[in-house]
Amino acid sequence: MARDRYEHFAERYDLFFGSFDDHDPVIVEFFRALFERHNVRSVLDCACGTGRELHLFHSLGFEVCGSDISEAMLAQAERNLASRGEDVPLARVDFRELGRHYDRKFDAVVCLSSAFFEVPDEAELLKAFSSIHGVLREGGIVVLTSGTSDKTWREKPRFIPEVNRGDFTRLFIVDYLGSGARFNVLDIYHGEAHKDLQVWSITYERVYLRDDLERVLEAADFRELKFFGSYQFQPYDTATSDILIAVAEKWDSRGLSVRVAREMRSREL
Ligand SMILES: C[S@@+](CC[C@H](N)C(=O)[O-])C[C@H]1O[C@@H](n2cnc3c(N)ncnc32)[C@H](O)[C@@H]1O
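Counting with the numbering used here, you get residues 23 to 291 for the letters of the sequence shown.
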């Protein structure tokens, strides 16, 4: 496997969050309601990073598994979850090849915080979405989230302040590179006890927006695609939405939704 892009960032990654355990109640309610609507009991986070959402879903009572390609991120997830007494199965798996590791199906697979930007082109994105499709049960859902939307991509802000707490600031300084971007992360520690400055950066060859996701999700045989522009289920608007959330369903092998297939079965009986 290629170089671990998070090797020098994993231990600092969680500084994105005031606390690993506190989640925005609006986001919690989004996932709770979405999972209830789709009868979700088991969730695979296929780019689980340091495990924050695994912790959230576990604490909401879901059966969770986490996978990621980065050993450093998985090691941090292991530390985070073990220190909270949570026994969540973690595995090093490329989300383009989930079927090579998992011989079971999930009710939901999530791929959050633009993790899918890390595949270089649409052919690789199709591999990823097809692999996710392969480990979902019929009627299961995929959930994708990104802080880059059509609107933010059009506006191309150079500076994005991510964190600004008393003693710590994290600033993204973005280089726009045609259809991709380099996110330079500047961490400034300015507390009395600890003053330091650290940098890290990640380059995405391609940024995928609403229409790209629609095209590739459909090519991977997903149905009932829905795009939201907020965690309150507001429909996605390319002009105004600051975030992009996509949800899509796996239908049965005949191309029927689970509801229709169930109705047909009951009529046949
Ligand atoms: C920006 S982080 C997001 C982590 C986590 N989902 C979150 O919301 O905090 C992106 C994650 O995607 C993972 N990732 C990138 N490419 C991947 C791949 N091909 N297969 C599995 N994980 C991958 C990275 O290792 C990293 O942990």
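Ideal Cβ positions, reconstructed from N, Cα and C, are used throughout, including at glycine.
Less than 8 Å separating the Cβ of residue i from some heavy atom of ligand 1?
{"i": "V141", "result": "yes"}
{"i": "R2", "result": "The chain is shown only over 23 to 291; residue 2 falls outside these bounds and no answer can be derived."}
{"i": "G121", "result": "no"}
{"i": "R59", "result": "no"}
{"i": "L134", "result": "yes"}
{"i": "E236", "result": "no"}
{"i": "Y226", "result": "no"}
{"i": "A69", "result": "yes"}
{"i": "V157", "result": "no"}
{"i": "R192", "result": "no"}
{"i": "D116", "result": "yes"}
{"i": "Y35", "result": "yes"}
{"i": "R74", "result": "yes"}
{"i": "M286", "result": "no"}
{"i": "F38", "result": "yes"}
{"i": "A215", "result": "no"}
{"i": "D90", "result": "yes"}
{"i": "A150", "result": "yes"}
{"i": "A137", "result": "yes"}
Between residue i and the rest of its own chain, which residues show a CB-CB distance below 6 Å, the 5 nearest in sequence each way excluded?
{"i": "E271", "result": "I163, R245, E246"}
{"i": "Y28", "result": "S92, A94, M95"}
{"i": "A241", "result": "L148"}
{"i": "Y253", "result": "V48, I49, F52"}
{"i": "Q220", "result": "D209"}
Check the DSSP bridge columns for residue i and list the partner residues they point to.
{"i": "Q220", "result": "D209"}
{"i": "E271", "result": "I163, R245"}
{"i": "F42", "result": "DSSP output for F42 lists no bridge partner at all."}
{"i": "G83", "result": "DSSP lists no partner for G83."}
{"i": "T225", "result": "R204"}
{"i": "Y198", "result": "A203"}
{"i": "L158", "result": "F128"}
{"i": "R114", "result": "D90"}
For residue i and residue j, I'd like the C-alpha separation in whole angstroms.
{"i": "Y211", "j": "P142", "result": "33 Å"}
{"i": "K178", "j": "R284", "result": "46 Å"}
{"i": "S288", "j": "L158", "result": "23 Å"}
{"i": "F42", "j": "R187", "result": "15 Å"}
{"i": "F38", "j": "R228", "result": "23 Å"}
{"i": "L235", "j": "A268", "result": "8 Å"}
{"i": "F181", "j": "C87", "result": "35 Å"}
{"i": "A130", "j": "N61", "result": "9 Å"}
{"i": "D209", "j": "E184", "result": "10 Å"}
{"i": "D224", "j": "R204", "result": "The sequence given here has Ile at residue 224, not Asp. For I224 and R204, the distance between alpha carbons rounds to 6 Å."}
{"i": "E290", "j": "G277", "result": "18 Å"}
{"i": "F117", "j": "E214", "result": "42 Å"}
{"i": "G83", "j": "F128", "result": "15 Å"}
{"i": "R122", "j": "H216", "result": "45 Å"}
{"i": "F5", "j": "G71", "result": "Only positions 23 to 291 of the chain appear in the structure, and residue 5 is not among them; the question remains open."}
Under 8 Å by Cβ, that's how I've got residue i and residue j pegged, so tell me the actual separation to the nearest angstrom.
{"i": "F194", "j": "V207", "result": "6 Å"}
{"i": "S136", "j": "T170", "result": "6 Å"}
{"i": "N102", "j": "H77", "result": "7 Å"}
{"i": "S89", "j": "A113", "result": "5 Å"}
{"i": "A69", "j": "C133", "result": "5 Å"}
{"i": "D260", "j": "R232", "result": "Contrary to the premise, residue 260 reads as Thr rather than Asp in this sequence. Between R232 and T260 the Cβ distance is about 6 Å, and since that is below 8 Å, they are a contact."}
{"i": "F138", "j": "Y230", "result": "6 Å"}
Within a Cβ cutoff of 8 Å, which residues of the same chain sit near residue i, ignoring the five residues on either side of it in sequence?
{"i": "T174", "result": "D264"}
What residues in its chain sit with their C-beta under 7 Å from that of residue i, if we drop five residues either side in the sequence?
{"i": "E75", "result": "D67, V132, L134"}
{"i": "W222", "result": "H30, F31, V207"}
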